[in-house]
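Below is one structure, written out as structure tokens; comments come after it.
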Amino acid sequence: MDSKKEAAAGEAKNGPPPGPVPADNAAASVAAPADRDAVLGKVEMERKLSVIKAWEESEKSKAENKAEKKLSGITSWENTRRAAAEAKLRAREEKLEKKKAEYAEKMRNQVAAVHRQAEEKRAAVEAERHHAILRYQDMAANHRSKGTTPPKNKILGCL
């Protein structure tokens, strides 16, 4: 009985003892190498598919990163060019504003000069008028004192 207990304990540790294969397992043991090759082939195929999938994901990731880097470069280029163009525009606008202010000042000076000339001409006309009035007042006073009448227009006398 001890040997049966030891045999049972050995089976529990090591699995069933090697011995004659029953008739049901005979077909399985003959097909086992073919099944094993099929299983190994399937495992190898799954491994290859897994490697291919990992490679594909890696390449896609590289392509995405490359595209993102290029897009980032394009955006940076665009921003740089836009900033340069805007700076140039601001500089030109400032230059035009300066020219506009200078031209406006020139026109104000010209208007002031015209006004000054007009005032000088008005003053000259007023002085001439005042001089003429004084001259005619003197002539009228002379005529009154002498009792003479002023001469008629020479132009009317020719007709």
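If you count the sequence shown from 1, you need to add 22 to reach my numbering. Glycine is no exception: its CB is placed at the ideal position from the N, C-alpha and C atoms. Just so you know, these numbers come straight off a predicted model, no measurement behind them.
Beta-carbon separation of residue i and residue j under 7 Å?
i, j, result
"proline 172", "histidine 165", "yes"
Apply the 10 Å Cβ neighbour rule to residue i and answer buried if 16 or more other Cβ atoms are within range, or exposed otherwise.
i, result
"alanine 49", "Unreliable positioning characterises alanine 49 in this predicted model, as indicated by a pLDDT of 47, which lies under 50. The coordinate reading is nonetheless provided below. By the neighbour-count rule (16 or more Cβ atoms within 10 Å), alanine 49 is not buried but exposed."
"lysine 168", "exposed"
Taking 7 Å as the CB-CB limit, is residue i close to chain C?
i, result
"alanine 89", "Judged by its chain identifiers, the structure shown contains no chain C, having just a single protein chain."
Query - Uninterrupted beta strand (DSSP E) stretches inside the segment 98-133 (no shorter than 3 residues) - result: none
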